[in-house]
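One structure is given here, and the rest of the page talks about it.
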Amino acid sequence: MSAFRGPLLHFLSEPGLGTPDPASYSYFADGLLVVADGRVQAVGDAAELLPTLPAGTAVEHSPEGLILPGMIDTHVHMPQLAVMASYGTQLLEWLETYTFPTESRFADADWSAKQSKVFLDLLLAHGTTSALVFSTSHKVASEALFSAAHEYNMAITTGRVMMDCNAPDGVRDTAEASYQESRELIARWHGTGRQRYAVTPRFAATSTHAQLTYAGKLMTEAEGLLMQTHWAENKAEIAWIAELFPDRASYLDVYDHFGLLGPRSVLAHGIHIDDADRARLAETGTRIAFCPTSNTFLGSGLFDLASARAANVEVGLASDVGGGTSLSMLVTMAEAYKVCQLRGQSLNPFQAFYMATLGNAKVLHQEAETGNLAPGKMADFLIIDRAASPIQQLKHSAERDLSGILFDLMILGDDRSIRRTYIAGQCRYDRDAVQGAAHA
Ligand code: GUN
Ligand code: ZN
């Protein structure tokens with residue numbers, strides 16, 4: 001058993017986009033998190049819980065920190081770390097020029113294994129403990145990511161990318177191979193430890209009818225699968241989809257037609273959409289992953305968060321690295337705030353932290369195990385440094401209410417704010433140990 005003392009915040013329900021509902025979160029100014037066998041045993045006020053600890057229990061005290069549940073990323077690409085910060089293009093040219101060539105390297109099993117570990121280590125260093133991840137169209141890349149995540153006991157959902165047309169040699173597959181290899185990966189990894197499989201057609205433009213039919217079929221072949229793809233990100237993309245699928249009423253109707261909408265489907269972006277799309281998403285329970293740093297970096301457009309929530313569409317927050325410019329969910333929250341500002345909306349910090357934790361867990365159907373620190377859940381959590389930069393130190397020395405503390409963190413925070421990251425009660429990232437080693 002071990003215990004972690006300090007200010008502690010987690011969410012119980014959605015705070016909302018307007019004035020945050022005070023019943024939606026629990027905040028303990030001097031809290032205690034008790035962990036046993038990788039799970040949360042108790043959470044509450046330190047004064048109440050400390051006397052209940054068995055004698056000799058180690059208590060780590062971070063009075064100036066903040067204990068938070070691990071953050072969750074609902075859309076990120078493992079093979080695209082090296083694609084980050086690629087200059088001067090929008091989506092379709094960006095894919096051709098930078099992304100497809102970079103992804104073709106993942107045909108190599110050794111490269112895939114090395115990059116998978118680098119990717120997970122970076123997620124942990126940015127305070128992300130779970131994610132829904134795109135791999136590549138090579139089976140070995142998904143294998144590598146699953147096995148690295150399993151070794152870390154990290155809850156990762158990923159899948160082999162399906163793309164059998166409009167893509168170059170090196171990343172293009174066939175409908176048949178994508179179906180067979182997805183089935184093999186599902187049999188090997190879906191439900192192994194904390195790993196889950198997501199059927200992953202890249203987007204409608206890079207799949208034939210035959211492949212999209214296979215994707216729909218895969219979704220019926222095992223319980224608990226997720227489906228991830230891209231949708232309505234860029235205007236040239238949308239015009240191209242209309243040419244490729246002249247029989248379909250809309251871009252969303254393409255996915256609908258192949259049985260790819262539903263509560264376990266996560267569509268990245270959904271920027272250029274209308275009320276009919278939102279109504280169909282809500283009716284089917286289909287989710288959107290809002291990827292603000294990617295949407296501004298690639299010049300894709302401004303996602304309309306308030307309209308989606310008003311229509312009861314579930315929305316997760318996501319980095320979309322390497323279209324996105326940071327793996328940090330704190331940086332992602334800051335960009336989401338700015339996108340909302342440009343739309344005349346305000347994203348309050350309670351809603352932003354909710355989205356990055358319990359909200360994203362719900363979007364990915366993993367809230368039974370993650371998302372907050374309720375007793376019985378897996379102990380995936382963070383020790384945050386609230387004053388990791390000079391500006392934050394300056395602001396930290398003034399009296400701040402919880403809203404101010406959270407807003408400072410979301411606007412000024414980044415990977416420096418993550419002091420330690422725990423997976424199932426085990427410390428998997430320690431900023432000060434890493435820095436100490438670098439300076440030794
Ligand atoms: N649409 C199809 N593939 C991709 C991708 O890799 N990144 C983004 N942002 N959009 C896509
Ligand atoms: Zn993406």
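Residues in the sequence shown are numbered from 1 upward in steps of one, following full-length UniProt numbering. Beta carbons: idealized from backbone N, C-alpha and C, even for Gly.
Who sits around ligand 4, taking every residue whose Cβ is closer than 5 Å to one of its heavy atoms?
This structure lacks ligand 4; the ligands present are ligand 1 and ligand 2.
Among Arg309, Ser326, Gln180 and Ala336, which has the Cα closest to the Cα of leucine 17?
Checked all of Arg309, Ser326, Gln180 and Ala336; the closest Cα to leucine 17 is Arg309.
Quick one: Cα of leucine 32 to Cα of leucine 261, how far?
The C-alpha of leucine 32 lies about 41 Å from the C-alpha of leucine 261.
Can phenylalanine 245 and glycine 270 be called in contact, C-beta distance under 8 Å?
No, the pair does not count as a contact, with Cβ atoms beyond the cut-off.
Which runs of the alpha helix (DSSP H) fall wholly inside the stretch 255-332 and span at least 4 residues, in chain order?
Correct list: 275-284, 292-297 and 305-310.
Do you know how far the Cα of alanine 379 is from the Cα of glutamate 369?
Each residue's Cα considered, the two are about 9 Å apart.
Spatial neighbours of serine 389 within its chain, please: C-beta separation below 7 Å, excluding the five flanking residues on both sides.
Leu412 and Arg416.
Measuring straight from C-alpha to C-alpha, what distance separates alanine 177 and alanine 210?
Taking the CA atoms as reference points, alanine 177 sits about 12 Å from alanine 210.
My output table needs one value for leucine 33: the three-state DSSP class, helix, strand or coil.
Correct three-state label for leucine 33: strand.
Going by beta carbon distance, what residues of the same chain come within less than 6 Å of proline 7, once the five residues before and after it are set aside?
These residues qualify, in order along the chain: Ala29 and Leu66.
On the DSSP bridge list, what partners appear for isoleucine 72?
Paired residue(s): Ser130.
Would histidine 439 be called buried (16 or more neighbouring beta carbons within 10 Å of its own) or exposed?
By the 10 Å Cβ count, histidine 439 comes out exposed.
Count the other CB atoms, across all protein chains shown, that sit within 10 Å of the CB of alanine 387; report buried if there are 16 or more and exposed otherwise.
Alanine 387 comes out buried.
Cβ pair threonine 293, threonine 332 closer than 8 Å
The answer is yes: Cβ separation under 8 Å.
Buried or exposed by the 16-neighbour rule on C-beta atoms within 10 Å, applied to lysine 114
Note on lysine 114: under 16 other CB atoms within 10 angstroms of its CB, so exposed under the neighbour-count rule.
Chain-ordered residues, beta carbon under 6 Å from a heavy atom of ligand 1:
Chain-ordered, the residues whose CB falls short of 6 Å from any heavy atom of ligand 1 come out as His77, Leu91, Leu95, Thr99, Arg202, Phe203, His230, Glu233, Ser294, Asp320 and Gly323.
Residues bridged to cysteine 340 (per DSSP):
According to DSSP, cysteine 340 bridges with nothing at all.
In whole angstroms, what separates the C-alpha of methionine 78 from that of arginine 264?
So the two alpha carbons sit approximately 21 Å from each other.
Going along the chain, which residues of its own chain have a beta-carbon closer than 6 Å to the beta-carbon of leucine 394, five neighbours each way excluded?
Same-chain partners within the cutoff: there are none.
So, at 6 Å on beta carbons, what are the nonlocal neighbours of serine 13 in its own chain, with the 5 sequence-adjacent residues on each side left out?
Taken in chain order, the residues that qualify are Ser24.
Tell me, to the nearest whole angstrom, how far the beta carbon of arginine 343 is from that of aspartate 385; I am working on the premise that it is less than 8 Å.
In this structure arginine 343 is not in contact with aspartate 385, their Cβ atoms being roughly 32 Å apart against a cut-off of 8 Å.
Cβ separation of leucine 281 and isoleucine 288, assumed to be a contact under 8 Å, to the nearest whole Å:
Confirmed, Cβ separation roughly 7 Å.
Which value, in whole angstroms, describes the spacing of the CA atoms of methionine 329 and tryptophan 189?
Taking the CA atoms as reference points, methionine 329 sits about 27 Å from tryptophan 189.
Fully enclosed by the stretch 88-128, which alpha helix (DSSP H) runs are 4 residues long or longer?
Every alpha helix (DSSP H) stretch that sits fully inside the stretch 88-128 and reaches 4 residues is listed by chain position as 91-94, 100-104 and 109-125.
Determine whether the beta carbon atoms of histidine 75 and alanine 268 lie at a separation below 8 Å.
A contact, by the Cβ cut-off of 8 Å.
For serine 2, the nearest candidate out of Gly436, Asn295 and Cys427 (CA to CA)
Measuring from the Cα of serine 2, the nearest candidate turns out to be Cys427.
Apply the 10 Å Cβ neighbour rule to proline 349 and answer buried if 16 or more other Cβ atoms are within range, or exposed otherwise.
So proline 349 counts as buried.
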